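Okay, so here's the structure we're looking at.
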Amino acid sequence: MTSRSVPDKPTLEGLEERWSAVWEEQGTYRFDRSKTREQIYSIDTPPPTVSGSLHVGHVFSFTHTDLVARFWRMRGKEVFYPIGWDDNGLATERRVQNYFGVRCDPTLPYDPDFTPPETPGKHEMPIGRQNFVELCERLTAEDEQVFEAMFRQIGLSADFGMIYTTIHAESRAASQRAFLHNLARGEAYQAEAPTLWDVTFRTAVAQAELEDRDRPGAYHRIRFPGQEPVCIETTRPELLPACVALVAHPGDERYQPLFGSSVRTPIFGVEIPIVAHRLADPTKGTGIAMICTFGDTTDVTWWRELRLPTRAVLGFDGRFVSEPPPGIDTTSARAAYAKIAGATVHTGQQRMVEMLRESGDLESEPKPIIHPVKFYERGEKPLEIVSTRQWYLRNGGRDLPLRERLLERGRELRWHPEFMRARYENWVRGLTGDWLISRQRFFGVAFPLWYPVDTDGNPLWDQPIRPDEAALPIDPSSDTPPRFSAEKRGVPGGFIGDPDVMDTWATSSLTPQIAGGWVRDEDLFARVFPMDLRPQGHDIIRTWLFSTVMRSNAEFDCLPWSDVALSGWILDPDRKKMSKSKGNVVTPADVLEQYGSDAVRYWSARARLGTDAAFDPGQLKIGRRLAIKLLNVGNFVLGFGATEDAGAITEPLDRALLAGLAAVIAEATSAFEAYQHSRALEVTETFFWAFCDDYLELVKERAYGGRGTAQAASARTALATALSVLLRLFAPVLPFVTEEVWSWWQEGSVHRTAWPADDEVRALAGDGDAEALRATSIALSGVRKAKSDAKLSMRTDVASVVVRGPQRLIDLVQLAAPDLRAAGRVGELTFANGAEELRVDVTL
RNA sequence: GGGCGCGUAGCUCAGCGGUAGAGCACUCGCCUUACAAGCGAGGGGUCGCAGGUUCGACACCUGCCGCGCCCACCA
């Protein structure tokens, strides 16, 4: 861009559109891959879920990242700053279902002529898997346009030519490759085991995706007949047919005589043992609990450690299976089970309670309680536990050396803020099992495996067939494994493809590999990996951060990045978390429209990392005001025809200004280096307002030339130098307005200009003492106060002023006496040593 | 139950061993030729509570109280 003259009436309107276009055209933020690893600052950017709505939280946290990127770019680093979209996974599936009114039925064939209904019908239309995936791809492509437009609007200095998506072929290839490596090294394995299961989505879920929700329930006291009848309390009486034992604490004297004996379940008459286990809590209920397969994760532990039989009753759909489990074989027992077969858990419970009440085995009426129940974070019904074959990745949950290694990685990583490390350690120490990565879903990265089918038509799950890595990505449901022909699919002696997809985090955990070009572009990868920074929200430490560390540790035996920056949450002005259901969501579009991008960025930059911030229109106004002020100051300073080499800086006040500015540069720089952008902004902003209100007023007349050419030149050079430095210090926070002002007098983009160097400015300041400006400002304030108290205009002439104070300060103010006289319109200005603090006596 | 963070002016927050800070809001003024979407001045806080360390504590230690978040095997 070329230098232009200063406009008559500067305005913020239209800056976003203009400069976004220029940056795109000039390639201002384009990544130069010829640079070496040492010259590069690489960022593992978070790919937002495009199927979610845009939120001011996005603006907030992505601005934090951009501040870092812009700072390091100006420090001379080539910044690797890709943008990604997370489009694979359940969020997209749900959005597609709602948007088009369809659902995926993988048994249906592909229909090449399929077009979705104009408007979603009352009932979801079943469509084949490939048609469904195509709709997912179509809708995410649209969503991604919206996200990209917003990211450009807020001025992210990413290279939009390096966009990656998690469902793209290259991502799928990377994900499948990493999995195959995990498999080869023994880090991935499959197991048939009780699994947390979401009955709505009909998929297994991982520990990291769980959340507790308080739900109403009730204690049911049930009597188990036997030589010695035993009473238990349960919130899940419907699982009585799944009961395999009763359990009490080994030290519980009430039940010690019963250990080793057995009782029969009421209604079903199944004989079950009474066993002891340390996890049984004598203080809960009656102190003895029934173990069912499976009511909760403790049941699983008991079942496994006590080697109990399995009596599963719930199916994948969350309903009671049609056939009773083993052990229920008497006519009456089967008749009782028939009453709940096919029922939902809810209905089953009602019927079970009726039966118990009739049989007299319900000791007392249910006691209602509110208790925490495990849910899949996206689910609507409580999780059940069903036994299924799934793939797992070792994550230290069952492996002490690996856990220690991953904890060590957490200590190696530099956390901003530091205290967030505790969340990582908490999570790793609390892992109860390996990472379940298979999902019984459709829009995701397929497991790159097939299984032989034996001559009886049974899949040989433990003999997976792997593809050639060069062929990745593959889709086992349509691609054919090596040494097989396509007709052999699903027939005895043939093969079948793995039907599952991977947990979306299994792909997201590879963002450094995906964005950095692992295998696909090893030259690039060597220049950017391991990366410098992972920016992200603190809510996904247990998922994204942990899993990325884990994958990098496995594949490369190193951390994926040296630093992690955690942004806080955005709360509404009442400090409640914004959510759609609360109706308190502020949309970025409205805010950006109303206040402008720089103002919104200012608001973001004011918040420290790791700290939740309330959405605050007040802060946005201040940001907008700051941006306008920069325009006006730029306009004013450049109106003097000022340039940075107009003449030597000789006047003490000018030198004082630059001495103070040098200190601000030093502080802002070290703050940015320490990922404390809010501190950098604060010191810059404070200095800037003092520059406007005091320094500018003090030197205005001199700069106009009222007291000689050399004196004017000194002021003009200082003004221009300060403007240049301040624009650069503000550039990361306010990229649009700083670029605008910069363009009035400088060549090239401010964003590709060197970050100011404090030693250079200090050299210009010479013997300047920053204290001189502060002291003179205090004296000026005294004069202003006198006028203000007298309710007079600041233009009013003052007869005489006496400045009193300690000699050291008097000496400093005296150096700027002519400037002080001019700014205060003071007739006679005298000085007197004496007072402890600087003060002025004004005679109007 | 365990962990982490926070509690400073009406609001949003900074500060962090040496006499309480900013912005907003509020009050009183000012058309002052960069800016009235501006400028000047002012009022306002026993820094959650209680102990302790110290010459000195808003800051460090201990214990409480309150709020928020994370985690937990929640019959």
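Counting in our numbering, the first sequence tops out at residue 1956, every number present. From the three backbone atoms N, C-alpha and C, an ideal C-beta is built for every residue, glycine too. On a predicted model such as this, the values are computed, not experimentally measured, just so you know.
- From the listed residues G1556, V1356, G1139, H1789, the smallest Cα separation to F1272 is found for G1139.
- Contact check between the segment 1697 to 1716 and the segment 1655 to 1670: fewer than three CB pairs, one atom from each, fall below 8 Å, which does not count as touching.
- Between L1885 and L1770, the C-beta gap is not smaller than 7 Å, which leaves the two residues out of contact.
- Residue A1666 holds the alpha-carbon nearest to the alpha-carbon of H1293 among P1624, A1666, A1357, T1175.
- For the set D1120, A1285, Q1151, the Cα lying nearest the Cα of V1640 is the one of Q1151.
- For Q1502, the enclosing beta strand (DSSP E) starts and ends at 1496 to 1505.
- In chain order, P1624, S1664, F1668, C1670, L1671, P1672, W1673, S1674 place their CB closer than 8 Å to the CB of P1642, counting only its own chain and leaving out the 5 sequence neighbours on each side.
- Three or more beta-carbon pairs drawn from the segment 1534 to 1554 and the segment 1610 to 1629 are found closer than 8 Å, and the two stretches are therefore classed as touching.
- For the pair of segments examined, the segment 1158 to 1172 was found not to touch the segment 1118 to 1137: the number of CB pairs separated by less than 8 Å stays below three.
- Just so you know, the alpha carbons of R1469 and G1372 end up roughly 29 Å apart.
- Secondary structure at F1380: coil, using DSSP grouped into helix, strand and coil.
- By the Cβ criterion, the segment 1323 to 1343 is not in contact with the segment 1628 to 1638, since fewer than three pairs of Cβ atoms, one from each stretch, lie closer than 8 Å.
- Scanning its chain for C-beta atoms nearer than 6 Å, with the 5 sequence neighbours on each side dropped, one finds around F1406 the residues P1306, V1412, I1497, in chain order.
- Counting along the chain, the unbroken alpha helix (DSSP H) around K1897 starts and ends at 1882 to 1901.
- Within the same chain, A1286, S1287, A1290, R1663 come within 7 Å of L1622 by CB-CB distance, once the 5 residues on both sides are set aside.
- E1524 places its beta carbon 7 Å or farther from that of E1321.
- Using a 10 angstroms sphere on the CB of S1826, the tally of other CB atoms reaches 16 or more, which defines it as buried.
- Where K1812 is concerned, the enclosing alpha helix (DSSP H) starts and stops at 1808 to 1816.
- Cβ neighbours of L1247 within its own chain (closer than 7 Å, five residues either side excluded): V1208, F1212, V1214, P1228.
- DSSP places V1433 in no beta strand (DSSP E); its state is neither H nor E.
- The segment 1395 to 1461 is shown to contain whole alpha helix (DSSP H) runs of 4 or more residues at 1409 to 1417, 1443 to 1450, in chain order.
- Note that the segment 1197 to 1206 does not touch the segment 1739 to 1747; fewer than 3 beta-carbon pairs, one per stretch, sit closer than 8 Å.
- In the structure shown, the three-state DSSP call for M1643 is strand.
- Along the segment 1275 to 1324, the alpha helix (DSSP H) occurs as fully enclosed runs of 4 or more residues at 1281 to 1296, listed in sequence order.
- In the DSSP secondary-structure assignment, T1942 is bridged to V1914.
- When DSSP states are grouped into helix, strand and coil, T1346 belongs to the strand group.
- By the Cβ criterion, the segment 1906 to 1923 is not in contact with the segment 1778 to 1798, since fewer than three pairs of Cβ atoms, one from each stretch, lie closer than 8 Å.
- Under the DSSP assignment, L1202 falls in the alpha helix (DSSP H) whose first and last residues are 1202 to 1212.
- Here the alpha carbons of P1353 and Q1368 stand approximately 25 Å from one another.
- For E1475, the secondary structure class from DSSP, reduced to helix, strand or coil, is strand.
- Judged by beta-carbon spacing, S1374 lies within the 7 Å limit of P1385, meaning their Cβ atoms are closer than that value.
- Secondary structure note for E1190: it is in no alpha helix (DSSP H), and the uninterrupted beta strand (DSSP E) holding it is 1190 to 1192.
- Residue burial is scored here from C-beta neighbours: E1304 has fewer than 16 other C-beta atoms within 10 angstroms and is therefore classed as exposed.
- W1309 is classed as buried because its beta carbon has at least 16 other beta carbons within 10 Å across all chains shown.
- It is roughly 6 Å from the alpha-carbon of A1891 to the alpha-carbon of V1952.
- In this model, I1761 and G1878 are separated by some 9 Å (Cα to Cα).
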